[in-house]
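Residue numbers (this note's numbering): 702 to 1126.
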(Lines of atoms letter the chains of each structure in order from A and count residues from 1; the text may use other names and numbers.)
(Lines give C-alpha, C1' and ligand atoms only; values in the text may rest on other atoms or scores of the structure.)
Protein backbone atom coordinates (compact mmCIF):
# COMPACT_ATOMS: atom_id res chain seq x y z
CA UNK A 1 0.00 0.00 0.00
CA UNK A 2 2.86 2.35 0.89
CA UNK A 3 4.57 1.69 -2.47
CA UNK A 4 1.29 2.38 -4.26
CA UNK A 5 0.94 5.68 -2.40
CA UNK A 6 4.52 6.68 -3.27
CA UNK A 7 3.95 5.82 -6.92
CA UNK A 8 0.83 7.98 -6.90
CA UNK A 9 2.73 10.95 -5.44
CA UNK A 10 5.57 10.50 -7.93
CA UNK A 11 3.03 10.35 -10.78
CA UNK A 12 1.42 13.59 -9.62
CA UNK A 13 4.81 15.31 -9.35
CA UNK A 14 5.77 14.05 -12.80
CA UNK A 15 2.48 15.38 -14.21
CA UNK A 16 3.10 18.80 -12.68
CA UNK A 17 6.65 18.95 -14.08
CA UNK A 18 5.39 17.83 -17.49
CA UNK A 19 2.72 20.54 -17.52
CA UNK A 20 5.23 23.20 -16.48
CA UNK A 21 7.63 22.06 -19.20
CA UNK A 22 4.85 22.09 -21.82
CA UNK A 23 3.82 25.59 -20.73
CA UNK A 24 7.39 26.84 -21.02
CA UNK A 25 7.97 25.08 -24.34
CA UNK A 26 4.78 26.35 -25.94
CA UNK A 27 5.46 29.91 -24.77
CA UNK A 28 9.09 30.22 -25.84
CA UNK A 29 9.48 27.77 -28.73
CA UNK A 30 6.45 28.36 -30.91
CA UNK A 31 6.10 32.16 -30.83
CA UNK A 32 7.62 34.16 -33.65
CA UNK A 33 9.21 37.22 -32.04
CA UNK A 34 10.69 38.71 -35.21
CA UNK A 35 9.90 42.12 -36.68
CA UNK A 36 9.15 42.48 -40.40
CA UNK A 37 9.24 45.05 -43.19
CA UNK A 38 6.68 45.12 -46.01
CA UNK A 39 6.35 47.08 -49.24
CA UNK A 40 2.96 48.79 -49.58
CA UNK A 41 3.50 50.73 -52.80
CA UNK A 42 6.05 51.11 -55.63
CA UNK A 43 9.65 50.39 -54.62
CA UNK A 44 11.73 49.75 -51.50
CA UNK A 45 14.88 47.99 -50.36
CA UNK A 46 16.08 45.96 -47.38
CA UNK A 47 19.82 46.63 -47.64
CA UNK A 48 20.41 45.82 -51.35
CA UNK A 49 17.48 43.41 -51.67
CA UNK A 50 14.31 44.52 -53.49
CA UNK A 51 11.17 44.40 -51.37
CA UNK A 52 8.05 42.87 -52.91
CA UNK A 53 4.43 43.75 -52.18
CA UNK A 54 2.76 41.23 -49.82
CA UNK A 55 6.10 39.53 -49.12
CA UNK A 56 7.28 40.41 -45.60
CA UNK A 57 10.99 40.31 -44.88
CA UNK A 58 12.51 39.74 -41.44
CA UNK A 59 14.60 42.66 -40.20
CA UNK A 60 17.75 42.62 -38.07
CA UNK A 61 19.99 45.13 -36.33
CA UNK A 62 22.00 47.30 -38.75
CA UNK A 63 19.65 46.63 -41.66
CA UNK A 64 19.14 49.64 -43.92
CA UNK A 65 15.58 50.15 -45.16
CA UNK A 66 14.79 52.69 -47.86
CA UNK A 67 12.26 53.79 -50.45
CA UNK A 68 13.29 55.33 -53.77
CA UNK A 69 10.48 56.24 -56.17
CA UNK A 70 7.80 58.88 -55.68
CA UNK A 71 4.70 57.52 -53.86
CA UNK A 72 6.65 54.51 -52.54
CA UNK A 73 5.55 53.40 -49.08
CA UNK A 74 7.06 50.83 -46.72
CA UNK A 75 5.89 49.71 -43.26
CA UNK A 76 7.82 48.05 -40.44
CA UNK A 77 5.71 45.83 -38.19
CA UNK A 78 7.53 45.58 -34.87
CA UNK A 79 6.87 42.40 -32.93
CA UNK A 80 4.95 44.25 -30.19
CA UNK A 81 2.41 45.33 -32.91
CA UNK A 82 3.71 48.90 -33.17
CA UNK A 83 4.45 50.20 -36.68
CA UNK A 84 6.82 52.60 -38.47
CA UNK A 85 6.06 53.86 -42.00
CA UNK A 86 8.54 55.28 -44.50
CA UNK A 87 7.37 57.46 -47.37
CA UNK A 88 9.19 57.78 -50.69
CA UNK A 89 12.89 58.77 -50.78
CA UNK A 90 13.28 57.85 -47.08
CA UNK A 91 16.10 55.85 -45.49
CA UNK A 92 16.54 54.48 -41.99
CA UNK A 93 19.03 52.21 -40.19
CA UNK A 94 17.86 49.76 -37.50
CA UNK A 95 20.03 50.20 -34.40
CA UNK A 96 18.18 48.01 -31.88
CA UNK A 97 15.39 45.46 -32.19
CA UNK A 98 15.06 43.53 -28.95
CA UNK A 99 11.59 42.44 -27.83
CA UNK A 100 10.99 39.68 -25.29
CA UNK A 101 8.26 37.14 -25.98
CA UNK A 102 6.20 38.32 -23.00
CA UNK A 103 6.62 42.02 -23.99
CA UNK A 104 8.16 42.81 -20.60
CA UNK A 105 11.16 44.44 -22.29
CA UNK A 106 11.04 46.32 -25.60
CA UNK A 107 14.16 48.05 -26.89
CA UNK A 108 13.80 49.48 -30.38
CA UNK A 109 15.85 52.26 -31.94
CA UNK A 110 16.42 53.53 -35.46
CA UNK A 111 18.28 56.33 -37.18
CA UNK A 112 16.57 58.51 -39.80
CA UNK A 113 19.12 59.09 -42.56
CA UNK A 114 16.82 60.75 -45.09
CA UNK A 115 13.37 62.37 -45.21
CA UNK A 116 10.50 61.17 -43.00
CA UNK A 117 8.80 58.49 -40.94
CA UNK A 118 5.51 58.01 -39.11
CA UNK A 119 5.37 55.91 -35.92
CA UNK A 120 2.31 54.50 -34.16
CA UNK A 121 3.37 52.81 -30.93
CA UNK A 122 0.76 50.70 -29.13
CA UNK A 123 2.68 49.12 -26.24
CA UNK A 124 3.25 50.51 -22.79
CA UNK A 125 7.00 51.19 -22.63
CA UNK A 126 8.21 51.13 -19.06
CA UNK A 127 11.11 50.27 -16.81
CA UNK A 128 13.96 49.28 -19.18
CA UNK A 129 11.80 49.51 -22.32
CA UNK A 130 11.96 52.24 -24.93
CA UNK A 131 11.46 53.26 -28.54
CA UNK A 132 14.06 55.74 -29.77
CA UNK A 133 14.40 57.50 -33.09
CA UNK A 134 17.53 59.48 -33.91
CA UNK A 135 17.78 62.36 -36.35
CA UNK A 136 21.00 64.41 -36.48
CA UNK A 137 21.92 64.93 -32.81
CA UNK A 138 18.33 64.66 -31.58
CA UNK A 139 17.02 61.57 -29.82
CA UNK A 140 13.25 61.06 -29.62
CA UNK A 141 12.46 58.96 -26.55
CA UNK A 142 8.95 57.53 -26.72
CA UNK A 143 6.75 55.41 -24.46
CA UNK A 144 3.30 55.37 -26.12
CA UNK A 145 2.43 57.79 -28.86
CA UNK A 146 1.92 58.63 -32.53
CA UNK A 147 4.56 60.93 -34.01
CA UNK A 148 6.24 62.03 -37.23
CA UNK A 149 9.92 62.83 -37.84
CA UNK A 150 10.72 64.93 -40.92
CA UNK A 151 14.45 65.45 -41.44
CA UNK A 152 14.05 67.33 -44.73
CA UNK A 153 11.80 70.04 -43.23
CA UNK A 154 13.52 69.82 -39.85
CA UNK A 155 10.73 69.01 -37.39
CA UNK A 156 9.33 66.37 -35.04
CA UNK A 157 5.55 66.46 -34.72
CA UNK A 158 3.42 64.71 -32.07
CA UNK A 159 0.05 63.53 -33.34
CA UNK A 160 -0.98 61.96 -30.03
CA UNK A 161 0.22 61.84 -26.40
CA UNK A 162 3.85 62.97 -25.84
CA UNK A 163 7.48 62.60 -26.92
CA UNK A 164 10.59 63.46 -24.89
CA UNK A 165 13.45 64.82 -26.99
CA UNK A 166 17.10 64.87 -25.97
CA UNK A 167 19.75 67.00 -27.66
CA UNK A 168 22.88 64.85 -27.44
CA UNK A 169 25.09 67.85 -28.24
CA UNK A 170 24.34 69.65 -24.98
CA UNK A 171 22.26 67.03 -23.09
CA UNK A 172 19.23 69.33 -22.93
CA UNK A 173 15.71 67.83 -22.94
CA UNK A 174 12.24 68.97 -23.97
CA UNK A 175 8.83 67.27 -23.85
CA UNK A 176 6.38 67.93 -26.66
CA UNK A 177 2.68 67.21 -26.38
CA UNK A 178 -0.18 66.39 -28.70
CA UNK A 179 -0.50 68.62 -31.80
CA UNK A 180 2.86 70.31 -31.17
CA UNK A 181 6.05 70.38 -33.24
CA UNK A 182 9.70 71.06 -32.41
CA UNK A 183 12.41 72.37 -34.72
CA UNK A 184 15.29 69.90 -35.09
CA UNK A 185 17.69 72.78 -35.77
CA UNK A 186 16.80 75.14 -32.90
CA UNK A 187 15.34 72.58 -30.47
CA UNK A 188 12.38 74.88 -29.75
CA UNK A 189 8.63 74.71 -30.31
CA UNK A 190 7.46 75.81 -33.75
CA UNK A 191 4.73 78.43 -33.94
CA UNK A 192 1.39 76.80 -34.83
CA UNK A 193 0.69 79.16 -37.72
CA UNK A 194 4.19 78.71 -39.15
CA UNK A 195 3.90 74.94 -38.90
CA UNK A 196 0.45 74.75 -40.51
CA UNK A 197 1.32 77.14 -43.36
CA UNK A 198 4.86 76.16 -44.31
CA UNK A 199 5.88 72.83 -42.80
CA UNK A 200 3.15 70.28 -42.10
CA UNK A 201 2.63 67.81 -44.94
CA UNK A 202 -1.15 67.44 -45.02
CA UNK A 203 -1.09 64.64 -47.60
CA UNK A 204 1.35 62.53 -45.57
CA UNK A 205 -0.72 63.16 -42.44
CA UNK A 206 -3.96 62.04 -44.11
CA UNK A 207 -2.34 58.93 -45.64
CA UNK A 208 -1.14 57.83 -42.21
CA UNK A 209 -4.45 58.53 -40.51
CA UNK A 210 -6.16 56.36 -43.11
CA UNK A 211 -3.68 53.52 -42.62
CA UNK A 212 -3.75 53.93 -38.83
CA UNK A 213 -7.52 53.49 -38.84
CA UNK A 214 -7.19 50.18 -40.73
CA UNK A 215 -4.22 49.15 -38.58
CA UNK A 216 -6.12 49.65 -35.30
CA UNK A 217 -9.23 47.92 -36.64
CA UNK A 218 -7.17 44.85 -37.61
CA UNK A 219 -5.48 44.93 -34.21
CA UNK A 220 -8.86 45.02 -32.46
CA UNK A 221 -10.08 42.00 -34.44
CA UNK A 222 -6.90 40.14 -33.55
CA UNK A 223 -7.34 40.96 -29.86
CA UNK A 224 -10.97 39.78 -29.88
CA UNK A 225 -9.85 36.38 -31.15
CA UNK A 226 -6.89 36.23 -28.76
CA UNK A 227 -9.03 36.96 -25.69
CA UNK A 228 -11.28 34.01 -26.52
CA UNK A 229 -8.31 31.62 -26.41
CA UNK A 230 -7.91 29.52 -23.28
CA UNK A 231 -4.81 27.50 -22.47
CA UNK A 232 -5.90 24.11 -21.01
CA UNK A 233 -2.55 23.84 -19.24
CA UNK A 234 -3.44 26.79 -17.00
CA UNK A 235 -6.78 25.23 -16.15
CA UNK A 236 -4.97 22.14 -14.80
CA UNK A 237 -2.19 24.06 -13.04
CA UNK A 238 -4.51 26.04 -10.74
CA UNK A 239 -5.34 22.81 -8.90
CA UNK A 240 -1.73 22.46 -7.73
CA UNK A 241 -0.55 26.08 -7.42
CA UNK A 242 -1.81 29.16 -5.56
CA UNK A 243 -0.31 31.55 -8.09
CA UNK A 244 -1.99 29.70 -10.96
CA UNK A 245 -5.25 29.66 -9.00
CA UNK A 246 -5.01 33.47 -8.83
CA UNK A 247 -4.22 33.67 -12.56
CA UNK A 248 -7.20 31.46 -13.29
CA UNK A 249 -9.42 33.78 -11.24
CA UNK A 250 -8.06 36.82 -13.09
CA UNK A 251 -8.48 35.21 -16.50
CA UNK A 252 -12.07 34.40 -15.52
CA UNK A 253 -12.53 38.09 -14.56
CA UNK A 254 -13.63 37.23 -11.03
CA UNK A 255 -14.66 39.96 -8.60
CA UNK A 256 -11.77 42.43 -8.46
CA UNK A 257 -11.79 42.76 -4.64
CA UNK A 258 -11.70 38.98 -4.17
CA UNK A 259 -8.79 38.74 -6.61
CA UNK A 260 -6.89 41.48 -4.78
CA UNK A 261 -7.36 39.58 -1.51
CA UNK A 262 -5.99 36.41 -3.10
CA UNK A 263 -2.98 38.32 -4.47
CA UNK A 264 -2.24 39.81 -1.02
CA UNK A 265 -1.87 36.27 0.38
CA UNK A 266 0.82 35.27 -2.13
CA UNK A 267 4.51 35.47 -1.32
CA UNK A 268 6.58 38.11 -3.15
CA UNK A 269 7.96 35.65 -5.72
CA UNK A 270 4.47 34.45 -6.67
CA UNK A 271 3.15 38.04 -6.70
CA UNK A 272 5.83 38.99 -9.21
CA UNK A 273 5.01 35.91 -11.31
CA UNK A 274 1.32 36.88 -11.43
CA UNK A 275 2.18 40.52 -12.12
CA UNK A 276 4.45 39.67 -15.04
CA UNK A 277 1.90 37.28 -16.58
CA UNK A 278 -0.88 39.86 -16.36
CA UNK A 279 1.37 42.59 -17.73
CA UNK A 280 2.00 40.43 -20.80
CA UNK A 281 -1.77 40.17 -21.31
CA UNK A 282 -2.28 43.88 -20.66
CA UNK A 283 0.29 44.86 -23.31
CA UNK A 284 -2.00 43.47 -26.01
CA UNK A 285 -4.88 45.65 -24.77
CA UNK A 286 -2.98 48.86 -24.10
CA UNK A 287 -4.02 50.53 -27.39
CA UNK A 288 -7.78 50.02 -26.83
CA UNK A 289 -9.96 53.12 -26.54
CA UNK A 290 -13.13 53.45 -24.47
CA UNK A 291 -15.37 52.77 -27.46
CA UNK A 292 -13.99 49.22 -27.78
CA UNK A 293 -16.09 46.46 -26.19
CA UNK A 294 -12.98 44.97 -24.54
CA UNK A 295 -12.01 48.21 -22.79
CA UNK A 296 -13.46 46.87 -19.52
CA UNK A 297 -10.89 44.06 -19.67
CA UNK A 298 -8.13 46.62 -20.13
CA UNK A 299 -9.36 48.46 -17.01
CA UNK A 300 -9.60 45.16 -15.09
CA UNK A 301 -6.02 44.15 -15.89
CA UNK A 302 -4.78 47.65 -15.15
CA UNK A 303 -6.46 47.53 -11.71
CA UNK A 304 -4.68 44.24 -11.00
CA UNK A 305 -1.32 45.67 -12.11
CA UNK A 306 -1.72 48.80 -9.99
CA UNK A 307 -2.75 46.74 -6.98
CA UNK A 308 0.27 44.44 -7.25
CA UNK A 309 2.88 46.81 -8.72
CA UNK A 310 6.37 46.40 -7.25
CA UNK A 311 8.04 49.17 -9.27
CA UNK A 312 7.24 52.89 -8.99
CA UNK A 313 8.20 53.55 -12.62
CA UNK A 314 5.70 50.94 -13.76
CA UNK A 315 3.01 52.49 -11.59
CA UNK A 316 3.78 55.91 -13.07
CA UNK A 317 3.47 54.55 -16.62
CA UNK A 318 0.08 52.99 -15.84
CA UNK A 319 -1.23 56.23 -14.31
CA UNK A 320 -0.07 58.34 -17.25
CA UNK A 321 -1.66 55.82 -19.57
CA UNK A 322 -4.95 56.23 -17.67
CA UNK A 323 -4.74 60.02 -17.97
CA UNK A 324 -4.20 59.72 -21.73
CA UNK A 325 -7.32 57.55 -21.93
CA UNK A 326 -9.35 60.06 -19.91
CA UNK A 327 -8.19 62.91 -22.15
CA UNK A 328 -9.12 60.91 -25.26
CA UNK A 329 -12.60 60.31 -23.82
CA UNK A 330 -13.14 63.97 -23.01
CA UNK A 331 -11.72 65.18 -26.34
CA UNK A 332 -13.82 62.77 -28.40
CA UNK A 333 -16.93 63.18 -26.19
CA UNK A 334 -16.98 59.39 -25.76
CA UNK A 335 -17.67 59.30 -22.03
CA UNK A 336 -19.11 55.81 -21.53
CA UNK A 337 -16.12 54.63 -19.45
CA UNK A 338 -15.07 57.93 -17.90
CA UNK A 339 -16.59 57.17 -14.49
CA UNK A 340 -14.81 53.81 -14.26
CA UNK A 341 -11.50 55.33 -15.36
CA UNK A 342 -11.70 58.06 -12.73
CA UNK A 343 -12.66 55.52 -10.06
CA UNK A 344 -9.58 53.46 -10.93
CA UNK A 345 -7.36 56.47 -10.19
CA UNK A 346 -9.16 57.31 -6.96
CA UNK A 347 -8.98 53.71 -5.69
CA UNK A 348 -5.19 53.81 -6.19
CA UNK A 349 -4.53 57.31 -4.85
CA UNK A 350 -2.34 56.02 -2.00
CA UNK A 351 -0.07 54.30 -4.50
CA UNK A 352 0.29 57.37 -6.70
CA UNK A 353 0.40 60.22 -4.19
CA UNK A 354 4.22 60.34 -4.30
CA UNK A 355 4.36 60.48 -8.10
CA UNK A 356 5.15 63.84 -9.60
CA UNK A 357 2.42 63.98 -12.27
CA UNK A 358 0.75 67.18 -13.42
CA UNK A 359 -2.83 66.24 -14.31
CA UNK A 360 -3.33 69.45 -16.29
CA UNK A 361 -0.61 68.48 -18.80
CA UNK A 362 -2.36 65.22 -19.63
CA UNK A 363 -6.05 66.13 -19.49
CA UNK A 364 -7.48 69.18 -21.25
CA UNK A 365 -10.19 70.33 -18.85
CA UNK A 366 -11.44 72.91 -21.37
CA UNK A 367 -12.89 70.00 -23.38
CA UNK A 368 -15.20 68.88 -20.55
CA UNK A 369 -18.83 69.51 -21.64
CA UNK A 370 -20.92 71.85 -19.47
CA UNK A 371 -23.36 69.16 -18.32
CA UNK A 372 -20.48 67.03 -16.99
CA UNK A 373 -18.58 69.69 -15.07
CA UNK A 374 -20.19 69.30 -11.62
CA UNK A 375 -19.89 65.51 -11.50
CA UNK A 376 -16.34 65.73 -12.88
CA UNK A 377 -15.36 68.14 -10.10
CA UNK A 378 -16.87 65.83 -7.49
CA UNK A 379 -15.08 62.75 -8.89
CA UNK A 380 -11.71 64.52 -9.02
CA UNK A 381 -11.78 66.03 -5.52
CA UNK A 382 -9.93 63.10 -3.86
CA UNK A 383 -7.14 63.59 -6.42
CA UNK A 384 -6.98 67.37 -6.41
CA UNK A 385 -3.97 67.71 -4.13
CA UNK A 386 -2.13 64.69 -5.54
CA UNK A 387 -2.38 65.82 -9.17
CA UNK A 388 -2.45 69.61 -8.58
CA UNK A 389 -5.73 69.71 -10.49
CA UNK A 390 -7.34 73.03 -11.32
CA UNK A 391 -11.02 72.51 -10.46
CA UNK A 392 -11.97 76.15 -10.91
CA UNK A 393 -14.06 75.96 -14.05
CA UNK A 394 -14.34 79.73 -14.30
CA UNK A 395 -10.59 79.96 -14.95
CA UNK A 396 -10.87 76.95 -17.26
CA UNK A 397 -13.54 78.81 -19.23
CA UNK A 398 -11.13 81.73 -19.60
CA UNK A 399 -8.47 79.36 -20.94
CA UNK A 400 -10.99 77.88 -23.36
CA UNK A 401 -11.98 81.33 -24.62
CA UNK A 402 -8.32 82.23 -25.08
CA UNK A 403 -7.70 79.01 -27.02
CA UNK A 404 -10.79 79.61 -29.19
CA UNK A 405 -9.66 83.19 -29.83
CA UNK A 406 -6.23 81.98 -30.99
CA UNK A 407 -7.81 79.43 -33.34
CA UNK A 408 -10.25 82.00 -34.72
CA UNK A 409 -7.44 84.50 -35.22
CA UNK A 410 -5.45 81.89 -37.14
CA UNK A 411 -8.47 81.08 -39.33
CA UNK A 412 -9.17 84.77 -39.96
CA UNK A 413 -5.58 85.43 -40.99
CA UNK A 414 -5.42 82.41 -43.28
CA UNK A 415 -8.99 82.16 -44.60
CA UNK A 416 -8.13 82.52 -48.28
CA UNK A 417 -5.13 80.19 -48.00
CA UNK A 418 -7.45 77.52 -46.55
CA UNK A 419 -10.00 78.03 -49.32
CA UNK A 420 -7.33 77.62 -51.99
CA UNK A 421 -5.99 74.50 -50.26
CA UNK A 422 -9.48 72.96 -50.24
CA UNK A 423 -9.94 73.73 -53.95
CA UNK A 424 -6.73 71.85 -54.76
CA UNK A 425 -7.99 68.67 -53.03
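Ideal Cβ placement from N, Cα and C applies to all residues, glycine included.
Residue 956 sits exposed, since fewer than 16 C-beta atoms from the chains shown fall within 10 Å of its C-beta.
Apart from sequence neighbours up to five positions away, the residues of its chain that approach residue 996 with a beta-carbon distance below 6 Å are 989 and 1038, ordered along the chain. Assignment of residue 826 by DSSP, reduced to helix, strand and coil, places it in the coil class. DSSP places residue 1017 in no beta strand (DSSP E) but in the uninterrupted alpha helix (DSSP H) bounded by 1013-1033. If only uninterrupted beta strand (DSSP E) runs of at least 3 residues are considered, those enclosed by the stretch 742-812 are 745-747, 765-768, 774-778, 784-788 and 792-800. Taking the C-beta atoms as reference points, residue 773 is found nearer than 8 Å to residue 789. Counting C-beta atoms within 10 angstroms of its own C-beta, residue 962 has fewer than 16 neighbours from the protein chains shown and is therefore classed as exposed. Residue burial annotation: residue 800 is buried, with at least 16 other C-beta atoms found within 10 angstroms of its C-beta.
Rounded to whole angstroms, residue 757 and residue 904 show a C-alpha spacing of 26 Å. The beta carbon of residue 839 is closer than 8 Å to those of 857, 866, 867, 868, 869, 885 and 888 in its chain, skipping five residues each way along the sequence. Taking C-alpha positions only, residue 993 is separated from residue 871 by approximately 44 Å. Between residue 859 and residue 877, the CB-CB gap stays under 8 Å. With contact defined as three or more Cβ pairs closer than 8 Å, the stretch 1036-1050 and the stretch 842-851 are not in contact.
By alpha-carbon distance to residue 829, the top candidate from 808, 977, 775 and 1091 is 808. A direct Cα-to-Cα measurement between residue 734 and residue 947 gives close to 27 Å.
Within 10 angstroms of the beta-carbon of residue 816 lie 16 or more other beta-carbons, which makes it buried. In the DSSP assignment, residue 865 falls within the beta strand (DSSP E) that extends over 856-868. Under the three-state reduction of DSSP output, residue 1069 falls in the coil class, being neither helix nor strand.
Around the beta carbon of residue 827, 16 or more other beta carbons sit within 10 angstroms, so the residue counts as buried. Residue 1002 is classed as buried because its beta carbon has at least 16 other beta carbons within 10 Å across all chains shown.
Around the beta carbon of residue 892, fewer than 16 other beta carbons lie within 10 angstroms, which makes this residue exposed.
Segment contact: the stretch 908-926 against the stretch 960-974, fewer than three CB-CB distances shorter than 8 Å; contact not assigned. In the three-state reduction of the DSSP assignment, residue 879 falls in the coil class, being assigned neither a helical nor a strand state.
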